[in-house]
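Everything on this sheet refers to the single structure shown next.
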């Protein structure tokens, strides 16, 4: 049995303290059923579950792309976010994102500490027809998947414990402030007039810029320096992951209408159409560049389309989503090609797809937004209001710079306390074995801790 080190005890002690502290949170009467709209409550509950489904979808999407010796380690990094962020969100995360504002920069951590008062019958000011508890859970699902997106950039070389530390610090110091700036009525970006329907800035640009920072700090993998071509471990996994992401994204975008309304239906439609258009656009653009149409190409393109439509899903007309998805896919495709000519080792192209895709989506929202679709929005450049485009551009710059700088510092600080990157020997062995004592290959799953081999055909 390996000797337990002090740094291995610390996470358990912190978790135990949090679990015990939760026992002493005051209780409040349950919310009054008569205050809320049953259809809205039902839809947002479904949407919350759909958004959660995106996390295992992301695990399959990423897991299918990496080398077979890193499949499990990549997938667990997506899934473990559900555990870490769920606890963190209840304790302090929701308060930081949606608590009483402190100068428009961050929520008061004491507003909903340990969800105190969340279940007391109040509703969020912008979602009066659903309980605050449901709104908090819906937003939790966004907070879960966002750090999981960063995994793709640092896959195959980040230490698991360092990644857990990153999740916590990213959620506290990047995601929660950005959610407050963008979606709280007193947030600085909200007051500037920046529109982000479902997370183009808060989720995708923030994750894309954090991915860029992580790739820079962790430097290149050995196989990348040697210019080795690593075949995806399981392309059907990528296809399954794409389907789960696409399906879950209906909750992500249409659920952000925060009610069972015609706006939710419009966002549902723009989401699907942008994804389809982007998948085709990526595939056709590959053919124009002398490549063959591929499963990976269509899947990546579809996800880029989903990313790009996210900020404008409830602000743009349904036909315009075709153009938004198609153009965003071409821009991200070119960004991937640019990245391949540099020394940047963003393993699964998170920055070109989520960062660049999110930027494209935000700016195209600045072009095509219309009050005809959403009277609470504004008209964009296409409808004679170029000022709104530049408002969106300012939002993109603020979020992008903030996320990159703070994420870069987070990675650097973690590296002070323990190596953020695995050793060259561990990297060569594969992170499945070196970090988790498990091994996956197509046809066999070997659980090293028990010695059990589970065979299957296919």
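Numbering (UniProt numbering), first residue to last: 1 to 458. Here a beta-carbon is modelled for each residue, glycine too, at the ideal position from N, C-alpha and C. The structure presented is a predicted model; accordingly, all values stated were derived computationally and were not measured.
Looking at C-alpha atoms only, which residue of the options is the closest neighbour of residue i?
i           : options            : result
residue 77  : 167, 245, 103, 175 : 167
residue 342 : 225, 106, 100      : 225
residue 138 : 258, 417, 193      : 258
residue 361 : 331, 431, 110      : 331
residue 184 : 106, 297, 292, 227 : 106
residue 339 : 247, 415, 216, 37  : 216
residue 103 : 172, 127, 147, 187 : 187
residue 354 : 204, 211, 128      : 204
residue 7   : 414, 430, 427      : 414
residue 278 : 304, 398, 68, 14   : 304
residue 286 : 402, 329, 261, 260 : 329
residue 53  : 179, 227, 252      : 252
residue 192 : 182, 67, 240, 318  : 182
residue 81  : 197, 150, 9, 364   : 150
residue 387 : 374, 113, 373, 366 : 366
residue 416 : 352, 292, 218, 297 : 218
residue 65  : 384, 231, 94       : 231
residue 26  : 48, 115, 95, 291   : 115
residue 67  : 126, 46, 152, 134  : 152
Is it right to say residue i is buried, meaning 16 or more other beta carbons lie within 10 angstroms of its own, or is it exposed?
i           : result
residue 337 : exposed
residue 425 : exposed
residue 143 : buried
residue 110 : exposed
residue 456 : Confidence at residue 456 is low in this model, with a pLDDT of 44, below 50, so the placement of that residue should be treated as unreliable; the coordinate-derived value is given next. With fewer than 16 Cβ atoms within 10 Å of its Cβ, residue 456 is classed as exposed.
residue 92  : buried
residue 56  : buried
Which residues in the same chain have their Cβ closer than 8 Å to the Cβ of residue i, if we skip the five residues on either side of it in sequence?
i           : result
residue 75  : 59, 60, 62, 63
residue 159 : 418, 419, 420, 421, 422, 435
residue 174 : 206, 210, 402, 403, 406, 407, 410
residue 17  : none
residue 295 : 235, 238, 239
residue 100 : 107, 108, 111
residue 222 : 424, 427, 428
Per DSSP, residue i is paired with what?
i           : result
residue 343 : DSSP, once it has assigned bridges, lists no residue as partnering residue 343.
residue 421 : 158
residue 127 : 124
residue 106 : 102
With a threshold of 6 Å on Cβ separation, who are the neighbours of residue i within its own chain once the five nearest residues in sequence on each side are excluded?
i           : result
residue 71  : 63, 233, 440
residue 132 : 118, 122, 123, 124
residue 140 : 89
residue 254 : 264, 267, 268
residue 41  : 130
residue 244 : 53, 57
residue 135 : 124, 127
Cutting at 7 Å between CB atoms, please list the residues of its own chain near residue i, excluding the five before and the five after it.
i           : result
residue 117 : 28
residue 301 : 278, 279, 281, 282, 283, 329
residue 399 : 178, 201, 205, 206
residue 162 : 414, 418, 420
Taking Cβ positions, are residue i and residue j nearer each other than 9 Å?
i           : j           : result
residue 313 : residue 376 : no
residue 407 : residue 213 : yes
residue 324 : residue 308 : yes
residue 368 : residue 316 : yes
residue 370 : residue 382 : yes
residue 69  : residue 349 : no
residue 201 : residue 357 : no
residue 310 : residue 199 : yes
residue 359 : residue 208 : yes
residue 39  : residue 256 : no
residue 44  : residue 145 : no
residue 378 : residue 195 : yes
residue 351 : residue 335 : yes
residue 50  : residue 197 : no
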